[in-house]
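**Student:** This is the structure I want to talk about, given as structure tokens.
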Amino acid sequence: MLESYLTGLVVCGGIIVAIGAQNAYVLGLATRRRFHWWSAGVCMSADLLLLTLGMFGISALLLAMPGTLAVLRWAGVAFLCWLAFHALRRAWTGQQGLGLAGGEAPGLRQVVFATLAVTLLNPQVYLDTLLLIPSVGAQQASSATFLAGAATASVLWFSLLAWGGAALSPWLTRPLAWRLIDGAIGMMMAAIAFNLAMGNGVPVA
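Counting in the numbering used here, the sequence shown runs from 390 upward without gaps.
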């Protein structure tokens with residue numbers, strides 16, 4: 390039970406750390422200290438719903454079609470390599486991952502709808518929550534405990550974004566900080582892809 394929980398925590402945590410539109414939007418709000426906890430809460434709720442649907446849907450699919458696991462495994466490797474490549478390229482070229490555009494501050498309604506948009510209109514979210522993470526969870530002794538660990542990772546991560554982004558806003562607005570963040574993300578995604586390709590944690594047919 391504990392092993393399943395920790396696996397869910399580590400797997401989900403390692404994947405959602407990748408800086409995409411969703412995470413960057415929450416960080417952007419946090420650095421401005423504007424409805425960032427509302428945005429983080431929407432992201433947590435969406436993750437929990439999608440992970441639950443994926444966890445209990447993918448298990449049935451894998452039981453009916455065992456070969457699907459191998460497909461998901463290599464799809465996951467390719468996707469993680471893509472994430473690593475783009476993160477490392479941003480770190481190398483110095484492209485800032487977080488835009489802090491000026492203009493009129495958004496209201497609560499705009500923040501909620503924008504958070505839903507960057508969450509639900511992003512194909513990466515579905516690949517993570519409906520396919521990649523559940524494909525690992527389906528192999529655990531307790532799917533429900535794995536799901537609890539994955540949900541905990543989401544809550545911790547978005548809480549960290551909201552709190553840490555607000556607390557460290559002067560530092561996070563510097564381009565050098567984003568080069569360091571993207572470099573760390575790229576290395577983490579590459580390591581996860583390597584472990585998945587080697588079959589660590591995923592049975593090889």
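C-beta: ideal position from N, C-alpha, C; glycine also.
Label L521 either buried or exposed according to how many other C-beta atoms from any shown protein chain fall within 10 Å of its C-beta, with 16 as the threshold for buried.
**Tutor:** buried
**Student:** I'd like to know if the segment 550 to 559 and the segment 472 to 480 are in contact, where contact means that at least 3 CB-CB pairs between them fall below 8 Å.
**Tutor:** no
**Student:** Does the beta-carbon of Q411 have 16 or more other beta-carbons within 10 angstroms, so that it is buried, or is it exposed?
**Tutor:** buried
**Student:** Anyone know if the C-beta pair for L398 and A582 falls short of 9 Å?
**Tutor:** Note that the C-beta distance between L398 and A582 is not below 9 Å.
**Student:** Is the beta carbon of C470 less than 9 Å from the beta carbon of A542?
**Tutor:** Cβ distance not < 9 Å, so C470 and A542 don't count as in contact.
**Student:** Use the C-beta contact count for R462: other C-beta atoms within 10 angstroms, 16 or more gives buried, fewer gives exposed.
**Tutor:** buried
**Student:** Would you mind working out which of N584, E392 and V544 sits nearest L438, comparing C-alpha positions?
**Tutor:** Among N584, E392 and V544, the Cα nearest to that of L438 is on V544.
**Student:** Buried or exposed for M444, please, with buried defined as at least 16 other CB atoms from any protein chain shown within 10 angstroms of its CB.
**Tutor:** buried
**Student:** Figure out for me which residue from A503, P523 and R563 has the closest Cα to the Cα of A537.
**Tutor:** P523
**Student:** Where does L487 fall in DSSP's three states?
**Tutor:** For L487, the predicted model reports a pLDDT of 47, less than 50, meaning its position is unreliable; a value from the coordinates is still stated below. Correct three-state label for L487: coil.
**Student:** Distance check for L510 and A551, CA to CA, integer angstroms please.
**Tutor:** 21 Å
**Student:** Under three-state DSSP, which class holds A366?
**Tutor:** Residue 366 lies beyond the stretch modelled for the chain, which goes from 390 to 594, so this question has no answer here.
**Student:** Only counting the same chain, and skipping five residues up and downstream in sequence, which positions put a Cβ closer than 7 Å to that of T441?
**Tutor:** Around T441: L536.
**Student:** Taking only the alpha-carbon atoms, compute the straight-line gap between G486 and W567 and give it to the nearest angstrom.
**Tutor:** The pLDDT assigned to G486 is 49, lower than 50, so where the model puts this residue is not dependable, and the model offers no usable value.
**Student:** On the premise that T534 lies in contact with Y394, defined as a C-beta separation below 8 Å, what is that separation, rounded to the nearest angstrom?
**Tutor:** Confirmed, about 5 Å.
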